[in-house]
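Colleague:
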Amino acid sequence: MADIPLFVISEYSASERRVTPSWSISEFKTKMESVTGIPPGSQKLTYKTATSERIPMDVADEDSTLLSSFPLSRNGEIHITDLRPPSARPNLNDTTGVEKYVMSEEDYAQKSDSVLAWKKAQKLGRFDPNAPSHEQAKIASYEQEVRERGIEVGKRCRVGHEDTRRGVIMYVGDVPEIPGGIGAWIGVKLDEPVGKNDGSINGTRYWGQPSELKHGVFVRPERVEVGNFPALDDLEMEEI
1 MADIPLFVIS
11 EYSASERRVT
21 PSWSISEFKT
31 KMESVTGIPP
41 GSQKLTYKTA
51 TSERIPMDVA
61 DEDSTLLSSF
71 PLSRNGEIHI
81 TDLRPPSARP
91 NLNDTTGVEK
101 YVMSEEDYAQ
111 KSDSVLAWKK
121 AQKLGRFDPN
131 APSHEQAKIA
141 SYEQEVRERG
151 IEVGKRCRVG
161 HEDTRRGVIM
171 YVGDVPEIPG
181 GIGAWIGVKL
191 DEPVGKNDGS
201 INGTRYWGQP
211 SELKHGVFVR
221 PERVEVGNFP
231 ALDDLEMEEI
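Position one of the sequence shown corresponds to residue 1 (full-length UniProt numbering), numbered consecutively onward.
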């Protein structure tokens with residue numbers, strides 16, 4: 001009897017396998033231990049047909065019952081469930097006990113085929129002799145946006161031209177907690193909890209009190225439109 005290509009799926013693995021119908025259930029489980037990491041005695045098999053019908057593969061005699069006893073077909077799935085309690089299973093996601101190689105900064109700096117070496121050769125980032133002037137130009141551009149848009153703390157605004165993101169400007173200035181985010185950021189307390197934070201970033205609070213509701217957002221000046229944007233009532237929100 002020809003082999004049948006099936007998908008074998010468990011909690012931590014999924015792969016296509018060529019299965020021989022003349023294998024017994026116990027023989028199949030033994031072969032799958034090295035694939036799934038589940039001991040044969042702890043495996044529960046379920047066959048899922050191409051039409052998504054699930055057929056339990058529980059039998060009284062696993063040594064004499066063959067896989068051909070089930071309606072196996074090409075591209076079907078055999079799901080293998082681990083019957084062991086969670087405390088008895090190895091935690092394959094825990095890498096804390098795995099010894100890892102860590103290269104020192106000195107060794108990395110001496111490598112000629114690293115990203116750092118490439119940046120040095122291309123004069124990118126901090127290796128660009130003109131980087132300070134580029135940063136200053138970027139900062140000046142944001143400051144100009146703030147002035148031209150009339151952005152000031154206490155003014156009403158909307159963010160990104162979205163009427164559902166109306167609020168009050170609470171902060172204008174640098175936000176060092178945002179990686180690579182030099183220049184002015186605008187902190188807005190939104191009327192609705194559709195923001196990204198509660199007015200704090202990485203432990204630094206810019207306004208308000210700790211809250212599970214996310215009314216706060218920090219955006220660049222070009223995304224802020226100052227104007228007559230009062231808070232919307234429930235009816236207006238439903239229409240939007």
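All C-beta atoms, glycine included, are put in the ideal place defined by N, C-alpha and C. In this text, all values refer to a predicted model and were calculated from it rather than measured experimentally.
Is it buried or exposed for His215, if we count other Cβ within 10 angstroms and need 16 for buried?
Modeller: The count along the sequence shown starts at 1 and reaches residue 215 at position 215. Label assigned to His215: buried.
Colleague: Would the beta-carbon of Arg166 fall within 8 Å of that of Ala121?
Modeller: Locating residue 166 in the sequence shown gives position 166, where the first residue counts as 1. Locating residue 121 in the sequence shown gives position 121, where the first residue counts as 1. Cβ atoms of Arg166 and Ala121: not closer than 8 Å.
Colleague: Which of helix, strand or coil does DSSP assign to residue 254?
Modeller: The structure shown does not extend to residue 254, since the chain spans only 1 to 240, so no value can be given for it.
Colleague: Under three-state DSSP, which class holds Gln209?
Modeller: Taking the first residue of the sequence shown as 1, we reach residue 209 at position 209. Residue state, collapsed to three classes: coil.
Colleague: For Arg158, count neighbouring Cβ atoms within 10 angstroms of its own Cβ and tell me buried if that reaches 16, exposed if not.
Modeller: As a first step, residue 158 must be located in the sequence shown, where it is residue number 158. With 16 or more other Cβ atoms within 10 Å, it is buried.
Colleague: Starting from the N-terminal side, write out each stretch of the beta strand (DSSP E) that is 3 residues or longer and does not extend beyond the stretch 11–97.
Modeller: Whole beta strand (DSSP E) segments, 3+ residues: 14–19, 43–48, 54–56, 77–82.
Colleague: According to DSSP, what are the bridge partners of Trp185?
Modeller: Your numbering for residue 185 matches position 185 in the sequence shown. According to DSSP, Trp185 bridges with Gly173.
Colleague: Excluding the 5 residues preceding and the 5 following Ile240 in the sequence, name in chain order all residues of the same chain whose CB lies nearer than 8 Å to its CB.
Modeller: Indexing the sequence shown from 1 puts residue 240 at position 240. The pLDDT assigned to Ile240 is 48, lower than 50, so where the model puts this residue is not dependable; a value taken from the coordinates is nonetheless given after this. Only Asp163, Thr164, Leu232 meet the Cβ criterion.
Colleague: If we ignore side chains and look at the alpha-carbon of each, how far apart do Glu11 and Leu45 end up?
Modeller: Here residue 11 refers to the residue found at position 11 of the sequence shown. Here residue 45 refers to the residue found at position 45 of the sequence shown. Distance between the alpha carbons of Glu11 and Leu45 is about 13 Å.
Colleague: When you compare each of Trp23, Glu53, Glu106 to Thr65 by their alpha carbons, which one comes out closest?
Modeller: Looking up residue 65 in the sequence shown gives position 65. That would be Trp23, whose Cα lies nearest to the Cα of Thr65.
Colleague: Please name the residue in Gln209, Ala88, Ile4 whose C-alpha comes closest to that of Thr49.
Modeller: Counting from one through the sequence shown, the residue named residue 49 turns up at place 49. Taking only the C-alpha atoms, the option nearest Thr49 is Ile4.
Colleague: Alpha carbon to alpha carbon, how far is Ser13 from Gly41?
Modeller: If you number the sequence shown from 1, residue 13 lands on position 13. If you number the sequence shown from 1, residue 41 lands on position 41. Near 18 Å, if we compare the C-alpha coordinates of Gly41 and Ser13.
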